[in-house]
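Counting in this note's numbering, the sequence shown runs without a single skipped number right up to 433 at its last residue.
Below is one structure; the comments refer to it alone.
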Amino acid sequence: MIELQNLSKSFGPIKAVSDLNLTVEKGTTVGFLGPNGAGKTTTIKILTNMISATTGRALLNGIDVISHPKNALAHVGAVVETPEFYPYLNPVETLAYLGRIRGMKPNDIKIRTNEVLDMVKLAEWRSTRIGKFSKGMKQRLAIGQALIHEPDILILDEPTSGLDPRGMVEVREIIRSLKKQNYTIFMSSHLLGEVQDTCDRAALIDHGKLLVHDSIDNLKNLSKVSKIEVTSVGPIEDAKVAKMQSIPNMRGIDRVNHSTLVMTYEGSIESRAELLAEIQSLGIRVTGFSPVGLPLEMMYMDLVKESR
């Protein structure tokens, strides 16, 4: 379990984290979501004892990180910012080196290294020098380093940052696999789709303040504004589009082609049935009526707008 209690961090007059209260329950995967500069990395650096908090507490499995860092971090694995490795070592040598630092026994290191390389899909390159690795492979190895001592908490800071699409997919697959193994995962990201795709819950932060923390499903339903794509059997005449513009809570309509529109609509999910009925009453033979875009993105923009 991870607990942040009234956590604040100031750098001179700048308050990077402001009175943050957040609990990550055991066995859950929580996305710590926000734009660059929101306070995500600062919070993670406090959690991993890289910097100290100005006020408040950070607890890992009930142990205070600031007053008892060694005990608090004993069962925690972390990847913070860009990983760096000795380029002339291979993955086996790198993991063995870290295992020795962690005080693991030689036989345990050997067994766990094989397990970890399978987990992060690097077994095939176990003897390849890391200097030949792509950025995505290095990121997977960094996650392997975080797993070598069999932690129950995994803290990841922007784990797919700077990766190409293939690298992003590979890292996300690893995170989903670890999630199924009941790890407690706290993962920062500024990518809403990534959090929606990999996490059980999301905690949204902006300017150092927590905006909301809830399940992904509940957060999707918080958005008041949605984009809905409408397609019809034949062309949708401009006169009918003009009438659609006057439907209550309609915020805008964009034409994709002669028979497809994308509407920006403000209203509950339940009200969409009424919206569809109104469109059909105009004589439009609807063949498609579905939301487009990311519900989490809509909700996040709503919350940021309200907080400012």
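For glycine and all other residues, C-beta sits at the position ideal for the given N, C-alpha and C.
- The Cβ atoms of PRO212 and GLY256 lie closer than 7 angstroms to each other.
- Here GLY228 is actually not in contact with LEU247; their C-beta atoms are around 24 angstroms apart, not less than 8 angstroms.
- DSSP lists VAL350 as the bridge partner or partners of GLU391.
- Inter-segment contact for the region 153-165 and the region 330-341 is present: three or more beta-carbon pairs are separated by less than 8 angstroms.
- Boundaries cannot be given for ALA199, as no beta strand (DSSP E) includes it and DSSP labels it neither H nor E.
- By the neighbour-count criterion, in which a residue is buried when 16 or more other Cβ atoms sit within 10 angstroms of its Cβ, GLU206 is exposed.
- Distance between SER371 and GLU403, taken at the CA atoms: about 11 angstroms.
- The beta strand (DSSP E) runs of length 3 or more contained entirely in the region 260-344 are, from start to end of the chain, 278-282, 309-314, 326-331 and 334-340.
- Taken atom to atom, the span from the alpha-carbon of TYR222 to that of PRO416 is near 50 angstroms.
- Under the three-state reduction of DSSP, LYS134 is assigned to strand.
- In terms of Cβ geometry, ILE169 and ILE280 form a close pair [threshold 7 angstroms].
- Spanning the alpha carbons of VAL350 and SER396 requires a straight line of approximately 12 angstroms.
- Of the residues assessed, MET175 falls on the exposed side of the cut-off, its CB having fewer than 16 other CB atoms within 10 angstroms.
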